[in-house]
Structure formats: C-alpha cells, structure tokens
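Structure first, commentary second.
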Amino acid sequence: MKNFELQQIDLQIINALQIEPRVPWTALSGILGLDSVTLARRWERIISSGCAWSVAMEDAGHRGSTAIVEVQCHPGQVLRTAGQASLDRDIISIDLTSGSRDIVMTLTARDDDELAEYILTRLGTLPGVRSTRTYILNSILKLGANWTVQALSAAQVNSIPRFRPPRAAAAKVVPDQLATGIVRVLERDVRASNTELSRELGISGQRASDALATLRMQQALDLRIHVAQQYSNWPAVTWYFLQVPVASLVEGDAAWLAMPEIQFAGVAFGEFNLIVALTSRSRADALRLEAVLESRIPGARVADRSTVIRVHKHLGHLLAPSGRATGQIVSLVRG
Numbered sequence: 001m002k003n004f005e006l007q008q009i010d011l012q013i014i015n016a017l018q019i020e021p022r023v024p025w026t027a028l029s030g031i032l033g034l035d036s037v038t039l040a041r042r043w044e045r046i047i048s049s050g051c052a053w054s055v056a057m058e059d060a061g062h063r064g065s066t067a068i069v070e071v072q073c074h075p076g077q078v079l080r081t082a083g084q085a086s087l088d089r090d091i092i093s094i095d096l097t098s099g100s101r102d103i104v105m106t107l108t109a110r111d112d113d114e115l116a117e118y119i120l121t122r123l124g125t126l127p128g129v130r131s132t133r134t135y136i137l138n139s140i141l142k143l144g145a146n147w148t149v150q151a152l153s154a155a156q157v158n159s160i161p162r163f164r165p166p167r168a169a170a171a172k173v174v175p176d177q178l179a180t181g182i183v184r185v186l187e188r189d190v191r192a193s194n195t196e197l198s199r200e201l202g203i204s205g206q207r208a209s210d211a212l213a214t215l216r217m218q219q220a221l222d223l224r225i226h227v228a229q230q231y232s233n234w235p236a237v238t239w240y241f242l243q244v245p246v247a248s249l250v251e252g253d254a255a256w257l258a259m260p261e262i263q264f265a266g267v268a269f270g271e272f273n274l275i276v277a278l279t280s281r282s283r284a285d286a287l288r289l290e291a292v293l294e295s296r297i298p299g300a301r302v303a304d305r306s307t308v309i310r311v312h313k314h315l316g317h318l319l320a321p322s323g324r325a326t327g328q329i330v331s332l333v334r335g
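Sequential numbering from 1 applies to the sequence shown in the UniProt record's numbering.
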C-alpha cells in the first residue's frame, strides 16, 4: 500500500487512538461520525500502509538503564551499521543524522552492569563503526508520549473515554511473567482484545482485563500510537547537546519541559549533561526553537546539534526510507 495517503478521517482516527489506544470502535463511532466496522477497516489500512504503528512497552521508569550513543561511521558504512544495529533488541531507536555524528542510538539495559557490559563488549562489534561516544542517562525528564497529530476538536478529545481502572477485587500486583506476556501480545497489536489476551496467555478474560488495567494504572505499561514523520505537525527533528549548570538541572525551574516541540530530554553523564530531541515545522524553525530552549534554561549553552535525516528504527519498529513502518518489529521484551 505504498500509494496510500492519509485522509482527514484517518488522522482523526490516529488522534483518537493516541489519546486512548484501546478505545472501542463503538465508542468512537458517534465522535467521528462513522460506524465501528468502517473505523476498524480504515485503521487496518492505516497500519498496513505503515503510515502509523502501535507500540507497547514497559514504561521508561521500569526499563533499568538507558544511554544515548552517538556513532561515527567509516565513509559509506552508515546504512550497514544501522542495519545491523536495528536487529538488536537493546537498541530501541536509531536516527541517522547530519553533523559530527552519523547515528544517534538509544540503548537500554536491565541495569548499569548490563549496560556497561554492552558498551564495553558489544558496541564495538557493529560493522562500519569508526568511533562511538556514550552518554549514560541519569534521568529521563521527558519522553514525547503525549504528542498527537491534533486532528480533533477540543470537544471530540474530551468525549473520548479513557481506560477504566482495575476492579476493586483485582490483584494489586501483576506477576512479572504475566506482565511480560501481556507486553508480548500488545507489542504486535496494541488493540488486541481481552479475549485474544486470554487465549494467548492461557488465563481468564477477567484476569487478563484486570492485569492490563493494573499495569496501566501503575504506569508500568506504555501504550502509544506513532505516525510517520511526514504526517506530523513538526516533521523536522534535531538532537541538541547542551552544557548546563548542574544547579539549573537540580534546582532550576523546569517549565521549559512544557515546550510541546520537545520529544525527548535526558540528563546525562559526559561532556554534554543535557540531551534534547526537539521537533520543528522546518529546519529554519529549528534555529528559533534552539534559541528559545537555550533562553529558558539558566546558564544553558547548546554546544552541538545534529539534524535527523532519516529514522531507521523507532521503539522496536524498523522504518523504510520513506519514514513508514515496514511491519518488521524487533521485540523490546526481555526474558
């Protein structure tokens, strides 16, 4: 479905699912003005085209240790390096960039020991690599899960039902094995029904429903709908590497994080102690936003920046040069 292009109703469907990925089609029917069967069919076409994809993963706070890795490649080797790295579960996202780095990767591990083992033994085995620099994150300040395509009116947004909390009688703790099983099913299809969860996990529908609701309420499970960058209101992405006085990060006003263009922000150990990925309407607009970002953080200086020229992998999903999902997923589930 390479020639498939999103219509306004498709963007509205995506917007609705970005607000609540598992909202029933019947609940959206009156809001979007189409019957539930038509909505489901359009969603299948959207997914099949690669224009949008769903993500299910453990929440950032439950994923152990994270690092941003910048890679310089030998001439002509960027795609080879990215292709090999994309098959690695621990490298969850890969951006191909301009500037002093060819690739910016996001690397996750269970803990600091596992992260160190990866950096010291596995990172250097990637083909085509000339040099790497790793920034271990002390904390993730913002992960752009709340961004939407903004195709709905305020009234429509407010009408979308959010997920229900677990029953009072539901177990307060979800066993790790069950939680992992739920993520495995949902990372293939975030809208898999409770009946499908029940069948694949070998448990009752009620237990599946309770466990899923508990994980979501405890913010241990992150469900998202992403869209190809060409359909974003802010299609240009730039990584900024900042040097910031520690006091500004620890004690300063964090109002700058409310900038809607900020896709990611993390405090790091290294030459640059704040790393930010910022979206913009154009590369020219990125200059303005860089100045805004710098002015809102006391003492901050943008020491380096790199523009994303292609997203190769996004939260486990491999993307085509067009920016659309290929349908190939490298599971983020551990164990």
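Ideal placement from N, C-alpha and C gives every residue a C-beta, glycine not left out.
Nearest residue (CA-CA) to residue i, options the options
i, options, result
"N3", "R324, V330 and R334", "R324"
"A228", "V104, G30 and A236", "A236"
"residue 386", "P260, V69, V157 and S248", "The chain is shown only over 1 to 335; residue 386 falls outside these bounds and no answer can be derived."
"G76", "V330, T26 and R130", "R130"
"A27", "R162, E44 and L120", "R162"
"L249", "G205, R301 and M217", "R301"
"T214", "Q72, V174, G327 and R188", "V174"
"I329", "G316, A320, S322 and P321", "G316"
"D111", "H312, S29, G270 and S65", "S65"
"H74", "E58, R296 and I103", "I103"
"S232", "W25, D59 and S280", "S280"
Status (buried if at least 16 other CB within 10 Å, exposed otherwise) for residue i
i, result
"residue 341", "No statement about residue 341 is possible, as the shown extent of the chain runs from 1 to 335 and does not include it."
"P166", "buried"
"S209", "buried"
"I309", "exposed"
"D176", "exposed"
"S282", "exposed"
"A268", "buried"
"L274", "buried"
"Q230", "exposed"
"Q263", "buried"
"R41", "exposed"
"L120", "exposed"
"T125", "exposed"
"T195", "exposed"
"D35", "exposed"
"A67", "buried"
"E251", "exposed"
"S295", "exposed"
"V37", "exposed"
"A82", "buried"
Beta-carbon proximity list for residue i, same chain, < 6 Å, skipping 5 on both sides
i, result
"R80", "P127 and G128"
"L223", "P21, A56 and V190"
"T148", "N15 and Q18"
"L178", "A211"
"T238", "L278, A286, R305 and T307"
"V185", "A192, L197 and E200"
"E5", "none"
"L221", "L215"
"P298", "S248 and G252"
Cutoff 7 Å; reference residue i; Cβ partners in own chain excluding five residues on either side
i, result
"H314", "S93 and H226"
"D90", "L107, T108, A109 and Y118"
"M217", "P165 and P166"
"V311", "D95, Q229, L319 and G323"
Proximal residues to residue i (C-beta, below 8 Å), its chain only, five neighbours per side dropped
i, result
"L32", "I9, Q12, I13, A16, L39 and Q156"
"F272", "Y135, F241, L242, Q243, A303 and D304"
"L257", "L141, K142 and A265"
"A320", "G50 and T326"
"A168", "none"
Nearest-angstrom Cα separation, counted from residue j out to residue i
i, j, result
"S159", "D113", "46 Å"
"S198", "L123", "39 Å"
"G181", "R334", "11 Å"
"E261", "A284", "14 Å"
"G202", "Q219", "24 Å"
"L115", "N138", "13 Å"
"I46", "E200", "25 Å"
"S204", "E187", "20 Å"
"L87", "S331", "9 Å"
"D253", "L293", "13 Å"
"G99", "Q72", "10 Å"
"A247", "R101", "28 Å"
"L152", "A170", "34 Å"
"W43", "M259", "30 Å"
"L289", "W53", "28 Å"
"Q84", "V78", "10 Å"
"Q7", "S29", "17 Å"
In DSSP terms, what residue i is bridged to
i, result
"L274", "L242 and V267"
"T134", "V69"
"R305", "Y240"
"R314", "According to the sequence provided, residue 314 is His. The question's Arg does not apply to it. Answer is H317."
"L221", "E58"
"L143", "F264"
"M105", "V69 and I94"
"V129", "C73"
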